[in-house]
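Chemist: Just dropping this structure here.
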Amino acid sequence: MADIVIKEVVTPRELQEFIYLPEKVHKDDPNWLPPIYMDEKLLFNKKKNKFYKYSDSILLLAWKNNKPVGRIMGIINRRYNDINKENHGRFCFMECYNDKEVFHALIEKVEEWARNSGMTMLVGPLGFSDKDPQGFQIEGFKYPQFIMSATNLPYMPAMIEENGYTKKVDLVNYLGNIPEKLPEVYIKVLNRLEKNEEYKIIEFNKKKDLKPFIIPVLELMNETFSEIYGFVPLKDNEKEEFANRYLSILDPKFIKIVSNEEGLIGFAIGMPDISAGIKACRGRLLPFGILKVMRESRRSKKLLMMLGGVKKSYRGKGIDVLLGVKILQSAINQKMEVLDSHLVLENNTKMRSEYERVGAKVVKKYRIYQKAL
């Protein structure tokens, strides 16, 4: 039996191997959704990704017969640990072939690294924040994959459990048909709020009109996401980076904001599912891949919900319903057919009930694991 060698990624060539290894692992998986490689190269660039300024990290490759056969990243997010008074390390971006020995060697090496750094618990898959793919998918493998979510093969959850990991928290994904007509309860809430001159709904048709609102929305996200597991508040320079990263693929028609005399109090961001375009260009936007992505954005009949939040002092007043109704109205106007919730924490009962109100069902489940070190 060939020896397994675990090596830290140091050279540019090794980083290339790390980034493109999943493409090899999933080469026979017709459902696999590649990442956008421009984003991957930024994500793993310590000079350009500002998360590295307050995080310790390690990239590891597993080698067997002089070939890379697995990868893993270890992260210690010091800012998150300080805010939440934890000593937790994280593992993420893990991939390997169906080889228990390789899997064990990788996770054991990150455990050792985290333990030597003073951590008492290892959790994951979890990246720098909840905006990175999180969890291993554990249910619903027959359904299409979507951007910014785990794309692991079914054997991965069993392997992590065999290494002594247990459930930390689950996330669910809802799928449903976009109704031709809005539920009556939504119409009543909409009529009531539209008569209330205190609230103003802001909608967009062009990206240039959206730009002045991006940073204020991310500031509101910092406030409204503070209770969400894994979330790390963005600093000013990180807000700019985050905005630049996603503005090019957002459709302004599916971004809604509610404001009053205080300023922004709620937001919702959806986007047409561009997965088919990403698959068509194999995650490579240049030189012509971006055209395939934009074409699929125009063709897509699936609306993928990405982010949303309401200021705490305004929750329970129907603001979330107002935002949801406006998004659904735009989807109906665009003749979209399917609503996809992206990932929702299992204990987010308010959001889950809204998806269930329009007939959406849980089709996928993802799990973040934990293990005491």
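The numbers in the sequence shown follow my numbering, run straight up by one, and end at 395. Heads up, the beta-carbon is just placed ideally off N, CA and C, and yes, glycines get one too.
For P90, list the residues DSSP reports as bridge partners.
Modeler: W85
Chemist: For a quick check, are the C-beta atoms of G146 and C114 less than 8 angstroms apart?
Modeler: yes
Chemist: Taking a contact to mean a Cβ-Cβ separation below 8 angstroms, would you say N282 touches E225 in this structure?
Modeler: no
Chemist: Using 8 angstroms as the Cβ pair cut-off and three pairs as the minimum, do the segment 42-54 and the segment 68-79 touch?
Modeler: no
Chemist: Alpha carbon to alpha carbon, how far is N67 from L83? Give it in angstroms, no decimals.
Modeler: 17 angstroms
Chemist: Measuring CB to CB, does F253 end up less than 8 angstroms from D152?
Modeler: yes
Chemist: Who are the near neighbours of L395 in its chain, counting only those whose CB is closer than 7 angstroms to its CB and skipping five residues on each side?
Modeler: E133, A136, R137, M141, T142, M143 and L144
Chemist: Going straight from the alpha carbon of K386 to that of I97, what length do you get?
Modeler: 26 angstroms
Chemist: For E108, collect the residues of the same chain with a Cβ closer than 8 angstroms to its Cβ; drop the 5 residues on either side in sequence, then sort them by chain order.
Modeler: Y102 and M143
Chemist: May I ask you to list the residues that DSSP assigns as paired with E30?
Modeler: L82
Chemist: Report the residue from G198, F235, T188 and T33 whose alpha carbon sits nearest the alpha carbon of E277.
Modeler: Residue identity check: residue 277 is Ile in the sequence provided, not Glu. Comparing Cα positions, the closest option is F235.
Chemist: Output needed for N106: all residues of its chain with C-beta closer than 7 angstroms, excluding positions within five of it in sequence on either side, in chain order.
Modeler: none
Chemist: Once the 5 residues before and after Y119 are set aside, which same chain residues still bring their CB inside 8 angstroms of it?
Modeler: V47, V91 and G92
Chemist: Mind checking which residues open and close the alpha helix (DSSP H) that includes V360?
Modeler: No alpha helix (DSSP H) holds V360; the beta strand (DSSP E) holding it covers V360 to D362.
Chemist: Quick one, which of K333, D78, E376 and L307 has its alpha-carbon nearest V347's?
Modeler: E376
Chemist: Alpha carbon to alpha carbon, what distance is there between K257 and E284?
Modeler: 22 angstroms
Chemist: State the DSSP-derived secondary structure class of N99, mapped to helix, strand or coil.
Modeler: strand
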